[in-house]
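Enquirer:
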Amino acid sequence: MKLKSIFVISEEISSIPALASSAIELADKVTAVVFGNEDYAKSISIPGADSIIYCPLNDKFSPEDYSKILAEKIKYDDKAYLLVSNTVIGRALAAKIGVELESPVFSNVENLDIKDDSLIFSQTVYGGTALRKLKYTSPYGIVTINNGTFEINDSLESCTTFTEIETRPENSLKLINVDAKNEVSVNLAMTKKIVDIGRGVSNAEDLKLFEQLASIIGAELGCSRPVAENNKLLPKSQYMGITGVQVKPDLIITIGLSGQIQHIGGINKSKVIVSINKDKQAPIFENCDFGLIGDMYKIVPKLIEKLS
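Every number in the working numbering is 124 more than the matching position in the sequence shown, counting from 1.
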C-alpha cells in the first residue's frame, strides 16, 4: 500500500525530476514545488509528478519565505511527507516548514521505503561507518536528500497541472546586495568521474598535473577538506566528505589521500574507487577497488601518457 501524498521541493528546478521519479514509487499523489523563473518552471518535464506548485521569486522573496504558505497547502492532506533537496537553501526551507507542521526534519537520508503506512529511511551515522533505519510516526515528515541519490525515470508521464501561488509571503529578510562568487562552481554530486586529491598535494603548481589527468578522462577535480580549508588549493565547494559534498560517481581516483573516515563517508558510494598512495598501510586501501602503491608524481604522469 502506497503513501497518500508526497511533496518534492527544491530551489534547483533541475533536481525535481529525480525526486519526483522516486516519490511516485512510494505515493499515490506527488506534488512538485518549484521556485524561480516561470517560463522555465513551465517548460521543464517532471516525470512522476501529478501537479506543480510554482512559487515566484524576485529580489524581495527567497524560497524560505514561502514556508508558511507551503505548510498551509500541505495541511490540505491529513498525512504527507516532503522530500527536499539537501542544499543550503533546501535545508533552511525544510527546517522552517518543519516548524509550521510541527514535524521533525532528517537530513541527508537514503533508502526510502514504506512500512505501516509511514515513510521509513536510512541515515548515515558514526562517520559513515553505519546506517540507522528510522520511521516516521507523525502525520507529516520531512527529509532532505542529496542530488544524485535518485535517477530520473523518463518513462513516467509528466504532469500538466500548473498552479502559481498567488499569495506573496511576508519576507523576514531584506536583500541588501548580491556579490558574485569569484570561484568556479562545480556540481560534484552530479558528475560521473572525479579526480580526488588529498594532503599529499601540497602546492598550487602541482594542481596542473591533476587537472590534466581530470581533463583527459573527462572528470572534475575534487579534494579532501584540508586541501580546501587549510591549504586553500581548491574552493570549499569542491571538498568531499561527511561535512562536504557526498558523491557517487561511476569512477573516482583518489590521489595522496590517506582515507580518513570523514572523507570516506563522502565517497564510499562511488561505483569504482581507484587509489594512489605511497603508504601501503594507508586506510584508503581498505576502501578502494583498485590500489596503486607508489609516488603519485611518478604514477600520474605515466597514467596521463597512457591515457592520452
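Cβ coordinates follow ideal geometry from the N, Cα and C atoms, glycine included.
It should be emphasised that the depicted structure is a prediction, and the values quoted were computed from it without experimental measurement.
Within the stretch 187–251, note down every full alpha helix (DSSP H) run reaching 4 residues or more, in order along the chain.
Expert: You should have 191–198 and 212–225.
Enquirer: Who are the Cβ neighbours of Ser227 in its own chain at under 7 Å, not counting the five residues just before and after it?
Expert: Residue 227 sits at position 103 when you count from the first residue of the sequence shown. Cβ within range, chain order: Ser262, Tyr264, Gly265 and Ile266.
Enquirer: Between the alpha carbons of Tyr260 and Lys220, how many angstroms are there, rounded?
Expert: Numbered from its first residue, the sequence shown carries residue 260 at position 136. Numbered from its first residue, the sequence shown carries residue 220 at position 96. Cα-Cα distance, rounded: 18 Å.
Enquirer: Does the beta-carbon of Leu127 have 16 or more other beta-carbons within 10 angstroms, so that it is buried, or is it exposed?
Expert: Here residue 127 corresponds to residue number 3 of the sequence shown, with the count starting at 1. Burial call: buried.
Enquirer: Closest Cβ-Cβ distance between Glu136 and chain B: below 7 Å?
Expert: Any reference to chain B falls outside this structure, which holds one protein chain only.
Enquirer: Helix, strand or coil for Ala151, going by three-state DSSP, please let me know.
Expert: If you number the sequence shown from 1, residue 151 lands on position 27. Residue state, collapsed to three classes: strand.
Enquirer: Are Lys153 and Ser191 touching if we call contact CB-CB under 7 Å?
Expert: Within the sequence shown, the letter at position 29 stands for residue 153. Within the sequence shown, the letter at position 67 stands for residue 191. No. Outside cutoff.
Enquirer: What is the DSSP secondary structure of Leu106, reduced to helix, strand or coil?
Expert: Limits of the chain in this structure are 125 at one end and 432 at the other, which puts residue 106 out of reach.
Enquirer: Compute the beta-carbon to beta-carbon distance between Ser432 and Ile340, rounded to the nearest angstrom, for a pair I have assumed lies under 8 Å.
Expert: Your numbering for residue 432 matches position 308 in the sequence shown. Your numbering for residue 340 matches position 216 in the sequence shown. That pair is a contact at about 6 Å.
Enquirer: Would you mind stating whether Leu206 and Phe131 have Cβ atoms separated by less than 7 Å?
Expert: The count along the sequence shown starts at 1 and reaches residue 206 at position 82. The count along the sequence shown starts at 1 and reaches residue 131 at position 7. Yes; because the gap between Cβ atoms is below 7 Å, this pair is in contact.
Enquirer: Check whether the stretch 199–215 and the stretch 162–177 touch, using three or more Cβ-Cβ pairs below 8 Å as the test.
Expert: With the cut-off at 8 Å, the stretch 199–215 and the stretch 162–177 do not touch.
Enquirer: Please name the residue in Ala338, Asp189 and Met125 whose C-alpha comes closest to that of Asp240.
Expert: For the purposes of this step, residue 240 is identified with residue 116 of the sequence shown, where counting begins at 1. Closest option to Asp240, Cα to Cα, is Met125.
Enquirer: With a threshold of 8 Å, are at least 3 pairs of Cβ atoms found where one atom belongs to the stretch 313–327 and the other to the stretch 372–389?
Expert: Touching, yes, given that three or more Cβ pairs across the two stretches are closer than 8 Å.
Enquirer: Tell me the residue span of the beta strand (DSSP E) that contains Gly265.
Expert: On the sequence shown, residue 265 is found 141 positions in, with the first residue counted as 1. Element bounds for Gly265: Tyr264 to Ile269.
Enquirer: Sort Phe185, Ile148 and Leu258 by Cα distance to Asn161 and report the nearest one.
Expert: Translated into positions along the sequence shown, residue 161 becomes position 37. Cα-wise, what sits closest to Asn161 is Phe185.
Enquirer: Taking Cβ to Cβ, would you say Glu353 is nearer than 7 Å to Leu345?
Expert: Position 229 of the sequence shown, counting from 1, holds the residue named residue 353. Position 221 of the sequence shown, counting from 1, holds the residue named residue 345. The answer is no: Cβ separation not under 7 Å.
Enquirer: Measure the beta-carbon distance from Ala328 to Leu357 and round it to whole angstroms, keeping in mind my assumption that it falls under 8 Å.
Expert: Counted from its first residue, the sequence shown places residue 328 at position 204. Counted from its first residue, the sequence shown places residue 357 at position 233. About 6 Å; that satisfies the 8 Å criterion.
Enquirer: Taking the alpha carbon of Gly324 as the point to measure from, which residue in Val223, Lys393, Lys426 and Asp403 has its own alpha carbon closest?
Expert: Residue numbering aside, residue 324 sits at position 200 when the sequence shown is read from its first letter. Considering only alpha carbons, the answer is Asp403.
Enquirer: Using DSSP bridges, identify the partner residues of Leu345.
Expert: For this step, residue 345 is matched to residue 221 along the sequence shown. Looking at the DSSP assignment, Leu345 forms a beta bridge with Val319.
Enquirer: What residues match up with Leu375 in a beta bridge as DSSP calls it?
Expert: To locate residue 375, count along the sequence shown from 1; it is residue 251. Answer by DSSP bridge pairing, in chain order: Lys317 and Val396.
Enquirer: In three-state DSSP terms, what is Ser282?
Expert: Within the sequence shown, residue 282 is the residue found at index 158, counting from 1. Of the three classes helix, strand and coil, the one that applies to Ser282 here is strand, per DSSP.
Enquirer: Would you tell me roughly how many angstroms separate the C-alpha atoms of Glu136 and Thr155, rounded to the nearest one?
Expert: The residue labelled residue 136 in the question sits at position 12 within the sequence shown. The residue labelled residue 155 in the question sits at position 31 within the sequence shown. The straight-line gap from Cα to Cα measures roughly 16 Å.
Enquirer: Kindly list the residues whose CB is nearer than 6 Å to the CB of Leu299, restricted to its own chain and excluding five residues on each side of it in sequence; keep chain order.
Expert: Mapped onto the sequence shown, residue 299 falls at position 175. Result list for Leu299: Asp183, in chain order.
Enquirer: For Leu416 and Ser399, I'd like the C-alpha separation in whole angstroms.
Expert: Counting from 1 along the sequence shown, the entry for residue 416 is found at position 292. Counting from 1 along the sequence shown, the entry for residue 399 is found at position 275. Approximately 6 Å, taken between the alpha carbons.
Enquirer: For Leu370, count neighbouring Cβ atoms within 10 angstroms of its own Cβ and tell me buried if that reaches 16, exposed if not.
Expert: The residue given as residue 370 occupies position 246 in the sequence shown. Position check: residue 370 holds Gln in this sequence, whereas Leu was assumed. The residue is buried, with at least 16 neighbouring Cβ atoms inside 10 Å.
Enquirer: Around the Cβ of Arg349, are there at least 16 other Cβ atoms within 10 angstroms (buried) or fewer (exposed)?
Expert: Here residue 349 is taken as the residue at index 225 of the sequence shown, counted from 1. Counting Cβ neighbours within 10 Å, Arg349 comes out buried, since at least 16 surround it.
Enquirer: If we call anything under 7 Å between Cβ atoms a contact, is Ile408 one with Leu381?
Expert: In the sequence shown, the residue the question calls residue 408 occupies position 284. In the sequence shown, the residue the question calls residue 381 occupies position 257. Yes; because the gap between Cβ atoms is below 7 Å, this pair is in contact.
Enquirer: Starting from Ser167, trace the alpha helix (DSSP H) in both directions and tell me its first and last residue.
Expert: Looking up residue 167 in the sequence shown gives position 43. Glu162 to Ser167 is the span of the alpha helix (DSSP H), which, as asked, contains Ser167.
Enquirer: For Phe274, which of helix, strand or coil comes out of DSSP?
Expert: The residue labelled residue 274 in the question sits at position 150 within the sequence shown. The answer is coil: DSSP assigns Phe274 none of H, G, I, E or B.
Enquirer: Whose C-alpha, out of Leu255, Lys332, Gln384 and Glu149, is nearest the C-alpha of Gln405?
Expert: Residue mapping note: residue 405 aligns to position 281 of the sequence shown, counting from 1. The option with the nearest alpha carbon to Gln405 is Gln384.
Enquirer: Say yes only if the C-beta of Ile137 is nearer than 6 Å to one or more non-hydrogen atoms of the ligand NAD, and no if none qualify.
Expert: Ligands are entirely absent from the displayed structure, and the ligand NAD is therefore not among its contents.
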